[in-house]
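Q: A single structure is presented below for examination.
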Amino acid sequence: MSQLTAVKQQMASIGNDARTTAQGLAGFKGKFSQAINQVQAAIGGSAQNVDKDMIQTLQAAEKQVDEAIAALQQASAAATSFAASL
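Encoded structure:
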């Protein structure tokens, strides 16, 4: 197997893995968003600021999951395109 073929296969594999991981994170994100809503309903409006801090922490994590999904989708497209160009 030539080195070029090996690189092409490796890039295609990376693209597939990134796409699969993004899909898995998207499924997790849906469940995570539901959990955040449940936490807000359960502890929102308490007399302590701890609830606000907890909700803000969860929302920040949710945003980072969204960013990770987008980055993985972009990486998948780039790796797949690069592999196809070889």
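Numbering (our numbering), first residue to last: 4 to 89.
Glycine included, C-beta positions come from ideal geometry on N, C-alpha and C.
Keep in mind it's a predicted model, so treat the numbers as computed, not measured.
I need the DSSP call for Met4, collapsed to helix, strand or coil.
A: To locate residue 4, count along the sequence shown from 1; it is residue 1. Reduced to three states, the DSSP call for Met4 is coil.
Q: Between the region 15-33 and the region 59-70, are three or more C-beta pairs nearer than 8 angstroms?
A: Yes, the region 15-33 touches the region 59-70.
Q: Would you say Ala25 and Ser79 are within 8 angstroms of each other, going by their C-beta atoms?
A: In the sequence shown, residue 25 corresponds to position 22, counting from 1. In the sequence shown, residue 79 corresponds to position 76, counting from 1. In contact: Ala25 and Ser79 (Cβ atoms closer than 8 angstroms).
Q: Mapping the DSSP letters down to three states, classify Gln51 as helix, strand or coil.
A: Reading the sequence shown from its first residue, position 48 is the one you call residue 51. Note: Gln51 maps to coil in three-state DSSP.
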